[in-house]
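Colleague: Heads up: the sequence shown begins at 80 in the numbering used here, then just goes up one per residue.
Note that the Cβ used here is the ideal one computed from N, Cα and C, for glycine as well.
Here it is, the structure, as structure tokens.
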Amino acid sequence: MDDQNKNLILATVLSFLVIVGWFVAGPLLFPSWFPTDTAQNPALTALPKDATAAAPTQAASATPAFQPTAPLAATAAAEAPRLMVDTAKLSGSISMRGGRLDDLSLKTYHKTVDPASGTVQLLSPVGKDSPYYAVFAFRPGDGLNAEDVPGFDTEWQAASGTLDSDHPAKLTWTSAKGLVFTRTIAIDHNYMFTVTDTVENKGTAVANLAPIGVIARHGLPKLEKIYVVHEGLIRRTDGVLQESKYSAITGLPDLEGVKGEVLEAKVDGWIGFTDHYWMTTMVPQQGQPFTAVTKYTSGSEIYQAEVRQPLMSIAPGASATTSIQLFAGAKEWETIHAYQNDPSWLDWLLGERVDPNRPQIAGFIDSIDWGWFFFLTKPIFRMLHFLHGIIGNMGLSIIALTFILKLLVFPLVYKSSVSMARMKELQPELEALKERAGDDKQKLQRDMMALYKEKKVNPAAGCLPILPQIPIFFSLYKVIFVTIELRQSSFFGWLNDLSVPDTSSLMNLFGLLPWAGPEAGTMLATVFIGLLPILLGISMWFQQKLNPAPTDPVQGQILGWMPWVFMFMLGRFASGLVLYWITNNTITFTQQYLIMWSHGKRPDIFGNIMSARKKPTSTAANLPSKPKK
Numbered sequence: 080m081d082d083q084n085k086n087l088i089l090a091t092v093l094s095f096l097v098i099v100g101w102f103v104a105g106p107l108l109f110p111s112w113f114p115t116d117t118a119q120n121p122a123l124t125a126l127p128k129d130a131t132a133a134a135p136t137q138a139a140s141a142t143p144a145f146q147p148t149a150p151l152a153a154t155a156a157a158e159a160p161r162l163m164v165d166t167a168k169l170s171g172s173i174s175m176r177g178g179r180l181d182d183l184s185l186k187t188y189h190k191t192v193d194p195a196s197g198t199v200q201l202l203s204p205v206g207k208d209s210p211y212y213a214v215f216a217f218r219p220g221d222g223l224n225a226e227d228v229p230g231f232d233t234e235w236q237a238a239s240g241t242l243d244s245d246h247p248a249k250l251t252w253t254s255a256k257g258l259v260f261t262r263t264i265a266i267d268h269n270y271m272f273t274v275t276d277t278v279e280n281k282g283t284a285v286a287n288l289a290p291i292g293v294i295a296r297h298g299l300p301k302l303e304k305i306y307v308v309h310e311g312l313i314r315r316t317d318g319v320l321q322e323s324k325y326s327a328i329t330g331l332p333d334l335e336g337v338k339g340e341v342l343e344a345k346v347d348g349w350i351g352f353t354d355h356y357w358m359t360t361m362v363p364q365q366g367q368p369f370t371a372v373t374k375y376t377s378g379s380e381i382y383q384a385e386v387r388q389p390l391m392s393i394a395p396g397a398s399a400t401t402s403i404q405l406f407a408g409a410k411e412w413e414t415i416h417a418y419q420n421d422p423s424w425l426d427w428l429l430g431e432r433v434d435p436n437r438p439q440i441a442g443f444i445d446s447i448d449w450g451w452f453f454f455l456t457k458p459i460f461r462m463l464h465f466l467h468g469i470i471g472n473m474g475l476s477i478i479a480l481t482f483i484l485k486l487l488v489f490p491l492v493y494k495s496s497v498s499m500a501r502m503k504e505l506q507p508e509l510e511a512l513k514e515r516a517g518d519d520k521q522k523l524q525r526d527m528m529a530l531y532k533e534k535k536v537n538p539a540a541g542c543l544p545i546l547p548q549i550p551i552f553f554s555l556y557k558v559i560f561v562t563i564e565l566r567q568s569s570f571f572g573w574l575n576d577l578s579v580p581d582t583s584s585l586m587n588l589f590g591l592l593p594w595a596g597p598e599a600g601t602m603l604a605t606v607f608i609g610l611l612p613i614l615l616g617i618s619m620w621f622q623q624k625l626n627p628a629p630t631d632p633v634q635g636q637i638l639g640w641m642p643w644v645f646m647f648m649l650g651r652f653a654s655g656l657v658l659y660w661i662t663n664n665t666i667t668f669t670q671q672y673l674i675m676w677s678h679g680k681r682p683d684i685f686g687n688i689m690s691a692r693k694k695p696t697s698t699a700a701n702l703p704s705k706p707k708k
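The following block contains the structure:
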């Protein structure tokens with residue numbers, strides 16, 4: 080095995096050890112950086128027996144007792160009037176029964192690249208497929224009963240007919256005990272709703288009550304089950320990000336038919352459900368305590384994420400106001416980053432500043448699943464997003480990003496290529512050392528190390544460029560799969576969605592024959608790959624031909640098949656990632672060719688191709704015959 084292939088194997092092993100080490104040691108050394116699974120988190124407490132009682136940390140002597148809030152209904156109630164929602168990005172309606180936001184579509188996103196496929200439906204009411212909604216209510220304290228405060232099914236009265244970005248909607252409801260509730264619902268130009276409740280006590284006794292916001296999903300949603308994408312519960316409390324799959328929620332402690340857990344937050348946070356590209360999240364008033372609750376009702380199969388805000392004690396003749404925000408929309412980096420309103424050093428460098436009129440939602444950008452390599456995925460996406468803003472074509476932006484990444488690792492590539500060229504210059508001397516050492520391997524190793532030291536050559540330098548490229552590849556893979564900015568983004572021609580595999584196929588000669596290619600995800604699609612994966616295999620093959628084939632025929636055959644094996648393996652990856660790899664191989668080929676040429680070792684590519692096509696002779700046949708005694 081020649082030194083170049085030894086270096087390749089060494090680099091692969093070292094990279095694997097680095098990645099495993101980061102996975103194992105990272106959560107121990109930097110626990111606040113890593114999302115945790117709430118099902119394994121000892122800091123969480125079990126949900127109280129009534130499934131809606133006050134948090135365990137609130138003492139019964141200091142805090143009025145709360146009446147249990149009525150559970151969410153599993154079946155549809157009688158239809159109630161609706162308030163229409165219509166903005167540049169959203170359309171839908173709010174049911175006056177409970178003031179539920181249970182009908183919401185994303186105007187600017189379609190189900191497929193075909194505009195006729197219809198827009199993405201995010202929220203839907205009970206009685207439709209996969210009910211998913213948000214509802215806001217109050218929990219009664221001492222002196223009040225459930226009918227004295229707005230619940231999940233209370234019918235509100237609307238003072239206006241439409242909710243849009245410039246015109247908030249106002250709802251009202253009055254209890255029999257003289258409590259007047261006024262709810263104002265506002266929506267900005269993106270996906271953030273603000274629900275503000277004002278309670279005026281016109282009764283004769285102190286009113287104790289607490290606001291609650293609930294996001295509910297009936298049944299297990301249809302999951303994409305991509306292992307690099309988190310789908311399920313997501314929440315952040317006091318700087319700690321936590322994630323739970325739906326299966327983990329169903330495994331919470333079972334208390335009289337309700338599974339649940341409670342987490343107290345002192346300063347800030349948020350909680351909700353996240354899908355691949357969409358998210359619905361409750362954001363309480365930041366800077367004050369709140370209770371984050373996760374629940375699962377096994378009988379009705381309802382998953383809930385709740386925000387419970389502090390108790391309000393309202394004296395007769397007084398009033399109080401509270402608010403909760405609801406994000407319901409696409410996980411666009413620029414939009415979510417603006418809601419966080421907390422520029423990093425890179426933002427300051429790019430001239431971004433805090434908007435004093437916008438509330439800060441701490442850590443909101445982490446609702447995008449950056450993964451454990453967030454320290455690479457975040458800056459890589461920022462650069463890609465910046466390039467796309469200038470170029471306007473995501474495919475060209477990926478190519479430009481590849482050039483930038485290659486420029487960053489160029490010093491390592493140059494040092495490696497120079498070292499490999501000098502190693503080739505030493506081949507005659509190394510062969511002479513092998514002949515003199517014979518079977519004495521220890522002497523051969525000593526003589527080789529002495530020669531390397533004399534000629535100032537590092538035989539391990541060949542693996543240097545490979546080490547940073549492996550985590551960069553994984554990080555770009557994560558970025559392309561997770562971020563919505565890559566969804567349905569086009570390049571040229573048939574490549575109209577860089578987040579999915581190449582849709583062209585050998586089966587119909589890339590569209591030249593009058594029949595369709597194989598269905599995506601099938602074995603036929605894996606065999607009859609598209610044009611982009613074929614270009615990937617060719618680029619890897621040419622890169623391999625910069626060097627002569629190994630003298631060992633078995634090793635030569637294995638290496639000769641590698642480009643074509645990887646062509647089929649990577650062919651089902653996102654076409655944006657394949658485009659990156661083709662560009663990376665092309666740049667690497669050019670760099671190595673020019674560096675080797677500048678050191679007097681111009682690669683004989685045609686000669687290497689022709690020599691590889693010759694049938695290798697058996698090694699045993701070339702061995703000298705043993706002399707007879």
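1) Under the DSSP definition of a beta bridge, which residues are partnered with Leu202?
2) Quick one: residues in its chain with C-beta nearer than 6 angstroms to the C-beta of Phe260, no 5 flanking neighbours on either side, listed in chain order?
3) Assuming Ser184 contacts Leu201 (C-beta within less than 8 angstroms), just tell me the rounded distance between them.
4) Hey, Val386 and Gly292 are a contact pair by Cβ (cut 8 angstroms); roughly how many whole angstroms apart?
5) Just how far apart, CA to CA, sit Gly572 and Leu390?
6) Buried or exposed, going by whether 16 or more other CB atoms sit within 10 Å of the CB of Phe685?
7) Considering only DSSP beta bridges, list what Asp45 is partnered with.
8) Tell me the start and end of each unbroken alpha helix (DSSP H) in the region 479-522 that is at least 4 residues and wholly inside, in chain order.
9) DSSP on His189, reduced to helix/strand/coil?
10) Can you tell me the Cβ-Cβ gap for Thr370 and Gly348, rounded? I've got them flagged as a contact below 8 angstroms.
11) Need the endpoints of the beta strand (DSSP E) that Leu342 sits in, please.
12) What does the alpha-carbon distance come out to for the pair Trp357 and Thr400?
13) How many whole angstroms separate the CB atoms of Ala653 and Ile381, which I take to be in contact at a CB cut-off of 8 angstroms?
14) Between Phe570 and Gly471, is the Cβ-Cβ spacing less than 8 angstroms?
15) Please go through the same chain and pick out, in chain order, the residues whose beta-carbon is closer than 8 angstroms to the beta-carbon of Glu508, but skip the five residues on each side of it.
16) With DSSP as the reference, label Gln236 as helix, strand or coil.
17) Just list the residues that DSSP pairs Trp357 with in beta bridges.
18) Where do the ends of the alpha helix (DSSP H) carrying Glu623 lie?
19) Have a look at the DSSP bridge pairing and note the partners of His246.
20) Just curious, the beta strand (DSSP E) that Arg262 is in, first and last residue?
21) If contacts are defined as beta-carbon pairs under 8 angstroms, then Phe603 and Pro597 qualify, I think. What distance do you get, rounded to the angstrom?
22) By the 10 Å Cβ neighbour count, where 16 or more other Cβ atoms means buried, how is His268 classified, buried or exposed?
23) Could you please give the first and the last residue of the uninterrupted alpha helix (DSSP H) stretch that includes Ser654?
24) Between Gln439 and Ser244, what straight-line distance do the alpha-carbon atoms span, to the nearest angstrom?
25) Do Pro290 and Ile393 have their CB atoms nearer than 8 angstroms?
26) List the whole-angstrom C-beta distance separating Tyr270 from Leu180, where the pair is believed to meet the contact cut-off of C-beta under 8 angstroms.
27) Could you tell me whether the region 523-537 touches the region 610-623, where touching means 3 or more Cβ pairs closer than 8 angstroms?
Modeller: Based on what the coordinates show:
1) Taking the sequence shown and counting its residues from 1, the one referred to as residue 202 is at position 123. Leu202 pairs with Leu183.
2) Counted from its first residue, the sequence shown places residue 260 at position 181. These residues qualify, in order along the chain: Pro229, Trp252 and Val278.
3) Within the sequence shown, the letter at position 105 stands for residue 184. Within the sequence shown, the letter at position 122 stands for residue 201. Rounded, the Cβ-Cβ distance is 7 angstroms, consistent with contact.
4) Looking up residue 386 in the sequence shown gives position 307. Looking up residue 292 in the sequence shown gives position 213. With 8 angstroms as the limit, Val386 and Gly292 qualify as a contact, their Cβ atoms being about 4 angstroms apart.
5) Counting from 1 along the sequence shown, the entry for residue 572 is found at position 493. Counting from 1 along the sequence shown, the entry for residue 390 is found at position 311. CA-CA distance, Gly572 to Leu390, rounds to 59 angstroms.
6) Within the sequence shown, numbered from 1, the residue matching residue 685 stands at position 606. That one is exposed.
7) Here the chain has residues from 80 to 708 only, and residue 45 is not among them.
8) Whole alpha helix (DSSP H) segments, 4+ residues: 489-504 and 506-516.
9) Indexing the sequence shown from 1 puts residue 189 at position 110. Residue state, collapsed to three classes: strand.
10) What you label residue 370 is simply residue 291 of the sequence shown in a count that begins at 1. What you label residue 348 is simply residue 269 of the sequence shown in a count that begins at 1. Contact doesn't hold; Cβ gap of about 10 angstroms is too wide.
11) Here the question's residue 342 lines up with position 263 in the sequence shown. Boundaries of the beta strand (DSSP E) around Leu342: Val337 to Ala344.
12) Within the sequence shown, the letter at position 278 stands for residue 357. Within the sequence shown, the letter at position 321 stands for residue 400. About 30 angstroms.
13) Looking up residue 653 in the sequence shown gives position 574. Looking up residue 381 in the sequence shown gives position 302. A Cβ-Cβ distance of about 34 angstroms is found for the pair Ala653 and Ile381, leaving them out of contact under the 8 angstroms criterion.
14) Position 491 of the sequence shown, counted from the start, is the residue given in the question as residue 570. Position 392 of the sequence shown, counted from the start, is the residue given in the question as residue 471. In this structure, Gly471 does not lie closer than 8 angstroms to Phe570 by Cβ.
15) Counted from its first residue, the sequence shown places residue 508 at position 429. The beta carbon of Glu508 sits closer than 8 angstroms to the beta carbons of Leu530 from its chain, once the five residues preceding and following it are set aside; these are given in chain order.
16) For the purposes of this step, residue 236 is identified with residue 157 of the sequence shown, where counting begins at 1. In this structure, DSSP gives Gln236 an extended state, which the three-state scheme calls strand.
17) As a position in the sequence shown, residue 357 is number 278, starting the count at 1. For Trp357, which the question treats as bridged, DSSP gives the partners Ala409.
18) As a working mapping, residue 623 is identified with position 544 in the sequence shown. The sequence given here has Gln at residue 623, not Glu. That run of the alpha helix (DSSP H) goes Leu610 to Gln623.
19) Here residue 246 refers to the residue found at position 167 of the sequence shown. Its beta-bridge partners are Asp243.
20) Locating residue 262 in the sequence shown gives position 183, where the first residue counts as 1. Start and end: Leu258 to Ile266.
21) Translated into the one-based positions of the sequence shown, residue 603 becomes position 524. Translated into the one-based positions of the sequence shown, residue 597 becomes position 518. The amino acid occupying residue 603 in the given sequence is Leu; Phe does not appear at that position. Indeed, because the Cβ distance is near 4 angstroms, the residues count as touching under 8 angstroms.
22) To locate residue 268, count along the sequence shown from 1; it is residue 189. With fewer than 16 other beta carbons inside 10 angstroms of its own, His268 counts as exposed.
23) On the sequence shown, residue 654 is found 575 positions in, with the first residue counted as 1. Boundaries of the alpha helix (DSSP H) harbouring Ser654: Ser654 to Ser677, taken from the DSSP string.
24) The sequence position of residue 439 within the sequence shown is 360, counting from 1. The sequence position of residue 244 within the sequence shown is 165, counting from 1. Inter-residue distance for Gln439 and Ser244 is about 20 angstroms (C-alpha atoms, whole angstroms).
25) Working through the sequence shown from its first residue, we reach residue 290 at position 211. Working through the sequence shown from its first residue, we reach residue 393 at position 314. Going by C-beta atoms, Pro290 is not nearer than 8 angstroms to Ile393.
26) Reading the sequence shown from its first residue, position 191 is the one you call residue 270. Reading the sequence shown from its first residue, position 101 is the one you call residue 180. Not confirmed; about 12 angstroms, so no contact.
27) At 8 angstroms Cβ cutoff, the stretches do not touch.
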